[in-house]
Amino acid sequence: MSQSIPTAKQPYARIAKRGAISKRKAWAVRAGGLLAALTAGALLILALGHNPLAVYADMVNSAFGDRTGFNQLVRIAVPLLGASLAVGLAFKMRFWNIGAEGQILVGGIAATYFALFQYQNIPRPLLLITMAVVGAAAGAIWGFIPAFFRAKWGTNETLFTLMLNYVAFGFISYLQSGPWQCPIQGGFPIISMFDPVARLPRVFDIHIGWIIVLVLTVLVHFYLRKSKQGYQLSVVGQSENTARYAGMNVARIIIRTMIISGAISGLVGFMQVSGSHFTLNDTVTGGVGFTAITVAWLAQLNPLIMIIVSLFIATLTRGSIRIQTSFDIPATIASVFIGIILFFMLACEFFVNYRIVFRNTKES
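Here is the structure:
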């Protein structure tokens, strides 16, 4: 016969898993989280001596007020959405891929080789296709390495993928100050700018990367929802033992998924060097590989919702740049402002899945 724990020995508050929650209630929690985030941000703005409504209006206007601002918004959102799709695939099977930064970088490295040394030998359409293919292949290889070690020997993929980021950054530093260093920059560790034939064409004054990532979003959505491989991926994420019991080759699924994840990241690297920066350096990622983790979780790993979340975070990023000049807000404070909003948005996801139970509160 079980004995109840004396009330005096019970913790004052504890975290308990929620039962089933309706979609309406879940979205109400998220709406409350957004309101709390904006309120907390407003308090910070007030503390700096500015009008929160004016600051928020200026942030939105900077992204949607004119064509130039909107183009910059899309330019920020494109790599963020692509990286979110990549890490979302891995997270779906509980493989914690923290290496999107490195996978983006090696994709950019592979594409840059052809942009620098083969642009005169290959027609432009074939050159761009080649750059995209080798960028995706390099990212796939970078994703394969930790997946193989995890599948073969059970290594920790979080540390493995994270460490590979530093390898990629180090290799770019070597290229900048070594074999790929621009000879006309007076010894500065800079790689030459791409010739126009190695740059992505533009549609509506934005490089065609936005079309590529939208196509990828649809493909990943159908891959997860409609394909046998997507179903297997979800089963592995829920329980590897269940997947093995059902006759699935878990190691093969892990490796296959990480190859796809790395390939998408490598493609993002190609789009960054060929569509935005027109050269290779250690800033081409802009931290999107890490920010993409936030996007994926806020979107609940849903590729279509990632579009909305990516635009939301891109708006915050673009707006934070604008208010630095419009309201003389330091860059560090603008970063803190974005961090506060994202913290509250992530916290609301916690309350969708868990609740705080206080002492003497009846369990429902």
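Mapped onto numbering that gives the first Met the number 0, the consecutive letters of the sequence shown carry residue numbers 0 to 363.
Heads up, the beta-carbon is just placed ideally off N, CA and C, and yes, glycines get one too.
For M0, I'd like the list of residues in its chain whose CB is within less than 6 Å of its CB, leaving aside the five on either flank, ordered along the chain.
One-based indexing of the sequence shown puts residue 0 at position 1. Residue placement at M0 is flagged as unreliable, the pLDDT there being 45, under the threshold of 50; the coordinate-derived value follows with that caveat. Same-chain partners within the cutoff: there are none.
Compare the Cα-Cα distances from F90 to each of S61, E156, S191 and Y165 and report the closest residue.
The residue you call residue 90 lines up with position 91 of the sequence shown. Considering only alpha carbons, the answer is E156.
Roughly how many angstroms lie between the CA atoms of I14 and F148, to the nearest whole one?
If you number the sequence shown from 1, residue 14 lands on position 15. If you number the sequence shown from 1, residue 148 lands on position 149. Straight-line Cα distance between these residues: approximately 35 Å.
Length of the line joining the Cα atoms of I44 and V202:
For the purposes of this step, residue 44 is identified with residue 45 of the sequence shown, where counting begins at 1. For the purposes of this step, residue 202 is identified with residue 203 of the sequence shown, where counting begins at 1. V202 has its alpha-carbon roughly 37 Å from the corresponding atom of I44.
State whether the region 108 to 125 contacts the region 317 to 333, with contact taken as three or more CB pairs (one from each stretch) at a distance under 8 Å.
No: the two stretches stay apart, fewer than three of their Cβ pairs being nearer than 8 Å.
Return yes when the Cβ of F170 is within less than 8 Å of the Cβ of I103, no when it is not.
By one-based count along the sequence shown, residue 103 stands at place 104. By one-based count along the sequence shown, residue 170 stands at place 171. At least 8 Å separates the beta-carbon of I103 from that of F170.
Check the DSSP bridge columns for Q180 and list the partner residues they point to.
Numbered from 1 along the sequence shown, position 181 holds the residue referred to as residue 180. When beta bridges are read from the DSSP output, Q180 appears opposite I190.
According to DSSP, simplified to helix, strand and coil, what is I108?
Position 109 of the sequence shown, counted from the first residue, corresponds to residue 108. I108: helix per DSSP, three-state reduction.
Assuming G261 and A139 make a contact with CB atoms under 8 Å, what is their CB distance in whole Å?
Stepping through the sequence shown from its first residue, residue 261 is reached at position 262. Stepping through the sequence shown from its first residue, residue 139 is reached at position 140. Right, the Cβ-Cβ distance comes to about 5 Å (below 8 Å), so this counts as a contact.
Among residues of its own chain, excluding the 5 on either side of V249, which ones have a beta-carbon nearer than 8 Å to its beta-carbon?
Here residue 249 is taken as the residue at index 250 of the sequence shown, counted from 1. Non-local C-beta neighbours of V249 in its own chain, meaning closer than 8 Å and more than five positions away in sequence, comprise A150, V235, E239, A242 and R243, ordered along the chain.
Can you tell me whether DSSP reads H206 as helix, strand or coil?
The count along the sequence shown starts at 1 and reaches residue 206 at position 207. DSSP places H206 in strand when its eight states are reduced to three.
Pull up the CB-CB distance for M257 and Q231, whole angstroms please, since I reckon it's below 8 Å.
In the sequence shown, residue 257 corresponds to position 258, counting from 1. In the sequence shown, residue 231 corresponds to position 232, counting from 1. The distance from the Cβ of M257 to that of Q231 is about 14 Å, inconsistent with a contact at the 8 Å cut-off.
How would you call L125, buried or exposed, if buried means at least 16 neighbouring beta carbons within 10 angstroms?
For the purposes of this step, residue 125 is taken as the residue at position 126 of the sequence shown. With fewer than 16 other Cβ atoms within 10 Å, it is exposed.
What runs of the beta strand (DSSP E), each 3 residues or longer, lie entirely inside the region 21 to 49?
DSSP runs (the beta strand (DSSP E)) wholly in the region 21 to 49: none.
Taking G81 as the reference, give the member of I332, L266 and G274 with the closest Cα.
In the sequence shown, counting from the first residue as 1, residue 81 sits at position 82. For G81, the closest C-alpha among the options I332, L266 and G274 is that of L266.
Can we say the region 27 to 45 touches the region 337 to 344, given the rule of at least three CB pairs closer than 8 Å?
Taking 8 Å as the limit for Cβ pairs, the verdict is that the region 337 to 344 does touch the region 27 to 45.
Checking the sheet assignment: what are the DSSP bridge partners for K225?
Taking the sequence shown and counting its residues from 1, the one referred to as residue 225 is at position 226. Paired residues: none, contrary to the question.
Can you tell which of G40, I253 and V77 has its C-alpha closest to the C-alpha of F143?
Taking the sequence shown and counting its residues from 1, one reaches residue 143 at position 144. Nearest of G40, I253 and V77 to F143, Cα basis: I253.
Count Cβ pairs between the region 283 to 292 and the region 70 to 80 that sit closer than 8 Å; are there 3 or more?
Yes, they touch.
Y244 - containing alpha helix (DSSP H), residue span
If you number the sequence shown from 1, residue 244 lands on position 245. Y244 -> alpha helix (DSSP H) spans E239 to Y244.
Out of V217, A53 and V196, which has the shortest C-alpha to C-alpha gap to Q119?
The count along the sequence shown starts at 1 and reaches residue 119 at position 120. The candidate whose alpha carbon is nearest that of Q119 is V196.
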